[in-house]
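Residue numbers (full-length UniProt numbering): 1 to 403. Just so it is clear, CB atoms sit at the ideal spot from N, CA and C, and this is done for glycine as well. All of these numbers come straight from a predicted model, not from anything done at the bench.
Listed below in structure tokens is the structure:
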């Protein structure tokens, strides 16, 4: 069966009737986490919402004003997942998210001539960019330019894109490019014929003329699977958005770097070298400070056997140097670095028995994660807000033991 979205990919809405509506669940990702959404699977007499397939993501839209969260294909049917039920037999208006649909049409139709001319083996339509997998270990810049120029020439040539529906036993089927049909395919075979360029089996939505693609931009290549190369590309409105974003970034860099676009790479390179030098100098000074802190404590005639220190600037090495310089078999240390009320690092060192006893308490109070052995307990603290309480607890325990 061919859906209305496949017969006319430019049709934005359709009045049809509800065939079935049954309870269902949808597994999806939200903010990087998987969640289960309860809702309903709806089948319609026909639809303008494309179900996922052929490398193309599914459409979004509305059924009777109810948002459609997913569209999949089950045999000859398109299954629409919605959060609210719709009445079986009811006539409903189905509306497609046109911006998303037209974007998919541009990327999919732009992939076809690119793949035909590059010897591609597969492709992927991503949210921000799309890729074509080339059966080659590498591609030269000259080859990329030639491919891009060739496809853009076809776009400027207003090449028609025709849809044909053929029966399975039609001899013409054998003459078109195909990756095979799904096992549950039913009905006629759909052929996308880009005149004089490519003809292949495809279930996706396409433009009716290559001029509707506007332009294609091959951004470059990335390493793919063994002996394969991934070609990254944008088509149509994505090129416009990319140009707008690139220009905005360029203007921001001009303001930050105080140089023109042609000098940005050189300016950033100089900054990186300066930062590395400063980091190296800062690390050396921090190590010297750690040694001085330990020496000042050891040279203090009135010092006891308990030492506590917090420093905003520092790291694990800073605390370890102090602990190494001070005899922790006799002296208990409580060291922290980071924001006073925020996250940071901590080190508890001293007699092994005492550290083993107090380490988990310190970990709990600082809402941290860590572990200890051989007289040292260290880790990350989610919050140093209770640092003063931890110090008081350690001093109290130290005094109670009479050391």
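Three-state class that DSSP yields for residue i in the structure shown
{"i": "residue 308", "result": "strand"}
{"i": "residue 419", "result": "In the structure as shown, the chain begins at 1 and stops at 403. Residue 419 is therefore absent and cannot be evaluated."}
{"i": "residue 141", "result": "helix"}
{"i": "residue 269", "result": "helix"}
{"i": "residue 155", "result": "helix"}
{"i": "residue 391", "result": "helix"}
{"i": "residue 366", "result": "coil"}
{"i": "residue 105", "result": "helix"}
{"i": "residue 93", "result": "strand"}
{"i": "residue 130", "result": "strand"}
{"i": "residue 61", "result": "strand"}
{"i": "residue 261", "result": "helix"}
{"i": "residue 451", "result": "Outside the displayed range of the chain (1 to 403) lies residue 451, so it cannot be described from this structure."}
{"i": "residue 212", "result": "helix"}
{"i": "residue 43", "result": "strand"}
{"i": "residue 56", "result": "strand"}
{"i": "residue 404", "result": "Nothing in the structure corresponds to residue 404, since the chain is present only between 1 and 403."}
{"i": "residue 401", "result": "coil"}
{"i": "residue 281", "result": "helix"}
{"i": "residue 226", "result": "coil"}
{"i": "residue 124", "result": "strand"}
{"i": "residue 88", "result": "coil"}
{"i": "residue 110", "result": "helix"}
Distance between residue j and residue i (C-alpha atoms, nearest Å)
{"i": "residue 106", "j": "residue 361", "result": "60 Å"}
{"i": "residue 16", "j": "residue 190", "result": "23 Å"}
{"i": "residue 257", "j": "residue 264", "result": "7 Å"}
{"i": "residue 7", "j": "residue 85", "result": "27 Å"}
{"i": "residue 489", "j": "residue 337", "result": "Missing from the structure shown is residue 489; the chain here goes from 1 to 403 and no further."}
{"i": "residue 367", "j": "residue 303", "result": "30 Å"}
{"i": "residue 269", "j": "residue 324", "result": "38 Å"}
{"i": "residue 412", "j": "residue 344", "result": "Absent from the structure is residue 412, since the part of the chain shown begins at 1 and ends at 403."}
{"i": "residue 246", "j": "residue 35", "result": "34 Å"}
{"i": "residue 70", "j": "residue 223", "result": "32 Å"}
{"i": "residue 38", "j": "residue 243", "result": "40 Å"}
{"i": "residue 272", "j": "residue 261", "result": "17 Å"}
{"i": "residue 111", "j": "residue 126", "result": "12 Å"}
{"i": "residue 312", "j": "residue 227", "result": "50 Å"}
{"i": "residue 371", "j": "residue 380", "result": "10 Å"}
{"i": "residue 241", "j": "residue 234", "result": "10 Å"}
For residue i, the first and last residue of its enclosing alpha helix (DSSP H)
{"i": "residue 237", "result": "237 to 257"}
{"i": "residue 405", "result": "Nothing in the structure corresponds to residue 405, since the chain is present only between 1 and 403."}
{"i": "residue 4", "result": "4 to 7"}
Cβ neighbours of residue i in the same chain (closer than 6 Å, five flanking residues each side left out)
{"i": "residue 319", "result": "335 and 347"}
{"i": "residue 62", "result": "95"}
{"i": "residue 204", "result": "54, 56 and 108"}
{"i": "residue 221", "result": "139, 229 and 231"}
{"i": "residue 290", "result": "318, 321 and 322"}
{"i": "residue 377", "result": "348, 355 and 359"}
{"i": "residue 293", "result": "322"}
Neighbourhood of residue i by C-beta, 7 Å cutoff - its chain only, sequence neighbours within 5 removed
{"i": "residue 115", "result": "123 and 132"}
{"i": "residue 358", "result": "348, 394 and 397"}
{"i": "residue 403", "result": "Confidence is the limiting factor: at residue 403 the pLDDT is only 49, short of 50, which leaves the residue's position unreliable and the question unanswerable from this model."}
{"i": "residue 154", "result": "113, 197 and 210"}
{"i": "residue 4", "result": "11, 14, 46, 47 and 48"}
Contact set for residue i: own chain, Cβ-Cβ below 8 Å, skip 5 residues either direction
{"i": "residue 375", "result": "328, 329, 349, 350, 351, 352 and 355"}
{"i": "residue 103", "result": "236, 237 and 238"}
{"i": "residue 40", "result": "21, 22, 23, 24, 81, 82, 83, 84, 85 and 86"}
{"i": "residue 66", "result": "82, 83, 84 and 86"}
{"i": "residue 165", "result": "2, 188, 189, 190 and 191"}
{"i": "residue 137", "result": "227, 228 and 229"}
{"i": "residue 207", "result": "9, 105, 106, 109, 161 and 213"}
Continuous beta strand (DSSP E) stretch holding residue i: start and end
{"i": "residue 21", "result": "13 to 30"}
{"i": "residue 164", "result": "161 to 166"}
{"i": "residue 50", "result": "No beta strand (DSSP E) contains residue 50, which DSSP labels as neither H nor E."}
{"i": "residue 80", "result": "77 to 82"}
{"i": "residue 200", "result": "198 to 201"}
{"i": "residue 67", "result": "66 to 74"}
> If you scan the stretch 320 to 385 from start to end, which runs of the alpha helix (DSSP H) of 4 or more residues do you find wholly inside it?
Replying inline: 352 to 365
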